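Numbering (this note's numbering), first residue to last: 1 to 63.
Contents: one structure, followed by commentary.
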Amino acid sequence: MSHIDLETYFRINFALMQFHKYSLWEIENMPPWERDIYVGLLRLHIEEEQLKQRQREAQARNG
């Protein structure tokens, strides 16, 4: 956690709890390498969802 600020720490925890249903206890007790893996997967998931949304919007505009 030392490489991120406190706001980012809370935002990541919130996203892991909200979207992936982890408990705060599970998140805070993960080894750092495991947390990094899940955060990376969360980022990939968000990027994929954003790409899908942009594609849907482009398809809707172009009919």
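Glycine included, C-beta positions come from ideal geometry on N, C-alpha and C.
Bear in mind the structure is a predicted one, so any value in this text is a computation, not a measurement.
Distance between Gln53 and Phe10 (C-alpha atoms, nearest Å): Here residue 10 refers to the residue found at position 10 when the sequence shown is read from its first residue. Here residue 53 refers to the residue found at position 53 when the sequence shown is read from its first residue. Each residue's Cα considered, the two are about 26 Å apart.
Compare the beta carbon distance of Ala15 and Leu44 with 8 Å and say whether it is the shorter of the two. The residue you call residue 15 lines up with position 15 of the sequence shown. The residue you call residue 44 lines up with position 44 of the sequence shown. Their beta carbons are not under 8 Å apart, which means Ala15 does not touch Leu44 by this criterion.
For Leu24 and Met17, which I take to be in contact (beta-carbon distance under 8 Å), what is that distance rounded to the nearest angstrom? For the purposes of this step, residue 24 is taken as residue 24 along the sequence shown, with counting starting at 1. For the purposes of this step, residue 17 is taken as residue 17 along the sequence shown, with counting starting at 1. So it is a contact: roughly 6 Å between Cβ atoms.
Mind checking whether Arg35 and Ile27 have CB atoms under 8 Å apart? As a first step, residue 35 is located in the sequence shown; it is residue number 35 there, counting from the start. As a first step, residue 27 is located in the sequence shown; it is residue number 27 there, counting from the start. It is a contact, given that the beta carbons lie within the stated cut-off.
For Arg61, which residues of its own chain have a beta-carbon under 6 Å away from its beta-carbon, when the five flanking residues on both sides are left out? In the sequence shown, the residue the question calls residue 61 occupies position 61. Once the five neighbours on either side are set aside, Arg61 has no close Cβ partner at all.
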